[in-house]
Amino acid sequence: MPPKTLLTRYLPTTRKIVGIAIIWGVLCALAFGGAAAVALHHKRADALDLLARNLSGYVITLFNDLKNTTDQLQPLAFQECAQVGQQLTSRAAFSLNVRAFLLVRDQTAYCSSATGAMSMHMVSLTPRLNLNLPLDMSILPGTPMLPDKPAISVWFRNPVDPGRGIFTTLNIDLTSWLLHTARERDVTGVALIIKDQAIATFSPQLIDLKNNHLDTTPIRIASVSGYPMAIWLYGESWPLEDIQLTLLIALLAALPGALASGYLQQLRIRSGKEILAGIRRNQFFVVYQPVIDSKSLTMIGVEVLMRWERPGSGLVPPDVFISYAESQQSIIPLTRHLFALIARDADSLKQLLPAGGKLGVNLAPSHLYSPSFKQDILHFARSIHDSQLQIVFEITERDMLKEEESIAIFQWLHDNGFEIAVDDFGTGHSALIYLERFTLDYLKIDRGFIQSIGLQTVTTPVLEAVLSLARRLNMKTVAEGVETPQQARWLIDQGVTYLQGYYFSPGLPMNQLREWAAQPIPRPDSGGN
Ligand code: C2E
Ligand code: CA
Ligand code: CA
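Going by the numbering used here, the sequence shown opens with residue 951, and the numbers climb by one from there.
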């Protein structure tokens, strides 16, 4: 199986990738949708503030103009209607929105721009006005000429004689106010409130606030400073348009967010960044499997085996991640990391092993033939120099296919004091040919052979032949995967140099290896059954 297919079991599954991508999509949607909502809300709030200010300004100007006009009319309140009625009428005709100007003295309206001389007590005309104030306002349901059309009545007291003044009625054209608002689409209604009365675009009738409830949650209040009135603006707090736009932006952000997440996850897997990330996050560690001398039954060395504890996947088997790292060009950084991990344990190993104890280190073929190989190896050797361990590089038969290069590399390794072991011997092809061509120190017999011991299979005679060949070639032998005392006994009797396997111990982290070394090593003749 190709390494990637093998690794997929330990790397994130498609379901997990999709799950993470969806989470990223949702996060992007929330982030961008949220930002859009905030931005739209701010924009709208600013527009509404501006609109309320504009409307205030407009209405204030309207009333200031009216006040200017009435100021000019105030002297007329000292004269009789017959003399000034004409003038009053023409001023009313030229004042926008004005229905009528009335001259008032002693609480009585005595002259109207619309109907001429009259005499009507102000209380019956407009009971809500307080004539003692310099300026007062109220809303009338209608006026004699337009009984069904509400009007604003305004009282301007004479500044010289408080008993006199000008009373005026105005058309209320809220629609024109509404038109005055810059962004009408947001504002759906306007209400004008004076004391406990209101008129609104959404109600043809005057609203008595004592009996009727006006919606008290306007989106803005435009104050009309200097006049006892207020303008309330109504509208959608979240216009449909903004909601749609927010949702659209969220959706547009979710899609690339999810796709980018999925793509980056895939990229990471494909580029071997998983291994580099694992190194950075300290997910790799090493265990040491004791190698036993079959004559003295003591630990004469260890083989270093790498482990990858990947959160979410658990322990990834080394043959899986090693071939994955090789296929993704991350085996060299991984091996350098392995060397650094071993160097940390060098002092402890020195204490557990005899002088010249063997340190078996597996090498990956792609590292063997890389330009940095020699430099990496020398650096590693220097880092554990004080431990006085004998480094044995384990290489499989497969890695010896490049014959010329292999001879040169093996020569270099020997020249620099390293030993070489053929790993997994018996699993490759034409194994015997290689043995005669290269000078190698150890033959590690694959556990497939060892498992056949005592089972009367055809492999046992092959094993015997291999051992006698090794003797002839002056190579030491290591039996891998020794699991039972019978196997150990048989291998000792056949003269195998070293034994390694679960019968003695699996690979152990340094602290457990220390505990193991303090116990007696099992003896296959006495402990067996
Ligand atoms: P290997 O070099 O043949 O290592 C021996 C493997 O056999 C180890 O598996 C070990 O745990 C296992 N083993 C030892 N005794 C027994 C036994 O009695 N019974 C059975 N059934 N198995 C036993 P592990 O650790 O899973 O390693 C598998 C392979 O991964 C190694 O095979 C080696 O080729 C590779 N590997 C492990 N660590 C490294 C490393 O640091 N660098 C490189 N390049 N390859 C490594
Ligand atoms: Ca090995
Ligand atoms: Ca092996």
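C-beta atoms are modelled at their ideal positions from N, C-alpha and C, and glycine is treated no differently. Being a predicted model, the structure only gives us computed values, none of them experimental.
Relative to the alpha-carbon of GLY984, which residue among ILE1199, ILE1089 and GLY969 has its alpha-carbon at the smallest distance? Residue numbering aside, residue 984 sits at position 34 when the sequence shown is read from its first letter. Nearest neighbour of GLY984 by Cα position, chosen from ILE1199, ILE1089 and GLY969, turns out to be ILE1199.
Inter-residue spacing [alpha-carbon to alpha-carbon] between LEU1490 and ALA1172: Residue 1490 falls outside the range modelled here, since the chain spans only 951 to 1479, and no answer is possible.
Distance, ILE1144 Cα to LEU1081 Cα: Position 131 of the sequence shown, counting from 1, holds the residue named residue 1081. Position 194 of the sequence shown, counting from 1, holds the residue named residue 1144. Cα atoms of LEU1081 and ILE1144: separation of roughly 16 Å, rounded to the nearest angstrom.
Give, in chain order, every unbroken run of the alpha helix (DSSP H) that is at least 4 residues long and sits entirely within the region 1315-1359. The DSSP assignment places 1315-1318 and 1323-1333 as complete runs of the alpha helix (DSSP H) inside the region 1315-1359, in order along the chain (cut-off: 4 residues).
Who are the Cβ neighbours of VAL1241 in its own chain at under 8 Å, not counting the five residues just before and after it? One-based indexing of the sequence shown puts residue 1241 at position 291. Closer than 8 Å at Cβ, skipping near neighbours: MET1249, ILE1250, GLY1251, VAL1252, GLU1253, LYS1308, GLY1310, VAL1428, TYR1448, LEU1449 and GLN1450.
Spatial neighbours of SER1045 within its chain, please: C-beta separation below 6 Å, excluding the five flanking residues on both sides. As a first step, residue 1045 must be located in the sequence shown, where it is residue number 95. THR1019.
State the Cα-Cα distance for the pair ILE1122 and ARG1049, rounded to the nearest angstrom. Working through the sequence shown from its first residue, we reach residue 1122 at position 172. Working through the sequence shown from its first residue, we reach residue 1049 at position 99. In a straight line, the C-alpha of ILE1122 is about 10 Å away from that of ARG1049.
DSSP three-state assignment for ASP1475, whether helix, strand or coil: Residue 1475 sits at position 525 when you count from the first residue of the sequence shown. Looking at ASP1475 - three-state DSSP - the assignment turns out to be helix.
Say yes only if the C-beta of ARG1257 is nearer than 8 Å to one or more non-hydrogen atoms of ligand 3, and no if none qualify. Here residue 1257 corresponds to residue number 307 of the sequence shown, with the count starting at 1. No, ligand 3 has no heavy atom inside 8 Å of this Cβ.
Extent of the continuous beta strand (DSSP E) to which ASN1121 belongs: Here the question's residue 1121 lines up with position 171 in the sequence shown. Segment 1114-1121, the beta strand (DSSP E) holding ASN1121.
Assumed close pair ALA1150, GLY1139 - CB separation to whole angstroms, cut-off 8 Å: Counting from 1 along the sequence shown, the entry for residue 1150 is found at position 200. Counting from 1 along the sequence shown, the entry for residue 1139 is found at position 189. Contact annotation, ALA1150 with GLY1139: C-beta distance approximately 6 Å; criterion of less than 8 Å satisfied.
Can you check DSSP and say which residues form a bridge with TYR1392? Within the sequence shown, numbered from 1, the residue matching residue 1392 stands at position 442. ALA1371 and LYS1426.
Is it the case that the region 987-999 contacts the region 1080-1094, given that we only count it when at least three CB pairs across the two stretches are under 8 Å? Result no; under three Cβ-Cβ pairs closer than 8 Å.
Counting Cβ pairs closer than 8 Å, one from the region 1297-1304 and one from the region 1268-1280, do we hit at least three? Output reads no: the region 1268-1280 does not touch the region 1297-1304.
Candidates PHE1360, ALA1358, ARG1294 and LEU1363: closest to SER1337 by CA position: Against the sequence shown, residue 1337 aligns to sequence position 387. Minimum Cα distance to SER1337 is reached at ARG1294.
Taking the C-alpha atoms as reference points, what is the distance between MET951 and GLN1216? On the sequence shown, position 1 is the one that residue 951 refers to. On the sequence shown, position 266 is the one that residue 1216 refers to. Residue confidence is low: MET951 scores 47 on pLDDT, short of 50, so the model does not pin down where it sits. Its coordinate-derived value is still stated next. Taking the CA atoms as reference points, MET951 sits about 20 Å from GLN1216.
Need the endpoints of the alpha helix (DSSP H) that PRO1435 sits in, please. Your numbering for residue 1435 matches position 485 in the sequence shown. Its alpha helix (DSSP H) spans residues 1435-1443.
With burial defined as no fewer than 16 other Cβ atoms inside 10 Å of the residue's Cβ, what is the status of MET1179: buried or exposed? Locating residue 1179 in the sequence shown gives position 229, where the first residue counts as 1. Under a 10 Å Cβ-count criterion, MET1179 is classified as buried, with 16 or more other Cβ atoms of the shown protein chains found around its own Cβ.
Which two residues bound the contiguous alpha helix (DSSP H) that contains ASN1232? Counted from its first residue, the sequence shown places residue 1232 at position 282. DSSP places ASN1232 outside any alpha helix (DSSP H), giving it a letter other than H or E.
Hey, how far is the Cα of ARG925 from the Cα of LEU1226? Any property of residue 925 remains undetermined from this structure, which presents the chain solely from 951 to 1479.
One or two residues paired with ASN1312 in a DSSP bridge: The residue labelled residue 1312 in the question sits at position 362 within the sequence shown. Answer is GLU1344.
Simplified DSSP state of MET1256, which is helix, strand or coil: The sequence position of residue 1256 within the sequence shown is 306, counting from 1. For MET1256, the three-state secondary structure derived from DSSP is strand.
What do you reckon, is the C-beta of LYS1394 under 8 Å from a heavy atom of ligand 2? For the purposes of this step, residue 1394 is taken as the residue at position 444 of the sequence shown. Closer than 8 Å to some heavy atom of ligand 2: that describes the Cβ of LYS1394.
Residues near ASP1475 in its chain [Cβ-Cβ closer than 6 Å; skip 5 each side]: As a position in the sequence shown, residue 1475 is number 525, starting the count at 1. Once the five neighbours on either side are set aside, ASP1475 has no close Cβ partner at all.
Does the contact criterion of 3 or more C-beta pairs under 8 Å hold for the region 1347-1357 versus the region 1311-1330? A contact exists between the region 1347-1357 and the region 1311-1330.
Give the straight-line distance between the Cα atoms of LYS1099 and ASP1192, rounded to the nearest whole angstrom. If you number the sequence shown from 1, residue 1099 lands on position 149. If you number the sequence shown from 1, residue 1192 lands on position 242. Those two C-alpha atoms are separated by around 37 Å.
Endpoints, alpha helix (DSSP H) assigned at LEU1075: Here residue 1075 refers to the residue found at position 125 of the sequence shown. Note, LEU1075: alpha helix (DSSP H), 1072-1075.
Would you kindly work out how many angstroms separate the C-alpha atoms of GLU1163 and GLU1186, rounded to a whole number? As a first step, residue 1163 is located in the sequence shown; it is residue number 213 there, counting from the start. As a first step, residue 1186 is located in the sequence shown; it is residue number 236 there, counting from the start. According to the sequence displayed, residue 1163 carries His and not Glu. Here the alpha carbons of GLU1186 and HIS1163 stand approximately 19 Å from one another.
What residues are listed by DSSP as bridge partners for GLY1185? Working through the sequence shown from its first residue, we reach residue 1185 at position 235. GLY1185 has VAL1137 as its beta-bridge partners, per DSSP.
Taking the alpha carbon of ILE1010 as the point to measure from, which residue in GLY1115, PHE1235, ILE1181 and HIS991 has its own alpha carbon closest? Residue mapping note: residue 1010 aligns to position 60 of the sequence shown, counting from 1. Ranking the options by Cα distance to ILE1010, first place goes to ILE1181.
Can you have a look at LYS966 and say buried or exposed, based on whether 16 or more other CB atoms are within 10 angstroms of its CB? Looking up residue 966 in the sequence shown gives position 16. Exposed, because fewer than 16 other Cβ atoms sit within 10 Å of the Cβ of LYS966.
ILE973: buried (16+ other C-beta within 10 angstroms of its C-beta) or exposed? Residue 973 sits at position 23 when you count from the first residue of the sequence shown. It is exposed - the Cβ of ILE973 has fewer than 16 other Cβ atoms within 10 Å.
When DSSP labels each residue in this structure, what does THR1058 get in the three-state scheme? The sequence position of residue 1058 within the sequence shown is 108, counting from 1. Here THR1058 sits in strand by DSSP.
So what's ILE1089 in DSSP terms, helix, strand or just coil? Locating residue 1089 in the sequence shown gives position 139, counting from the first residue. Three-state result, ILE1089: strand.
Between VAL1073, GLY1404, ASP1374 and SER1455, which has its C-alpha nearest ARG1439's C-alpha? Reading the sequence shown from its first residue, position 489 is the one you call residue 1439. For the residues VAL1073, GLY1404, ASP1374 and SER1455, the minimum Cα distance to ARG1439 belongs to GLY1404.
Roughly how far, in whole angstroms, is the beta-carbon of ASN1047 from the beta-carbon of LEU1120, given that I think they are within contact range, below 8 Å? The residue given as residue 1047 occupies position 97 in the sequence shown. The residue given as residue 1120 occupies position 170 in the sequence shown. With 8 Å as the limit, ASN1047 and LEU1120 qualify as a contact, their Cβ atoms being about 5 Å apart.
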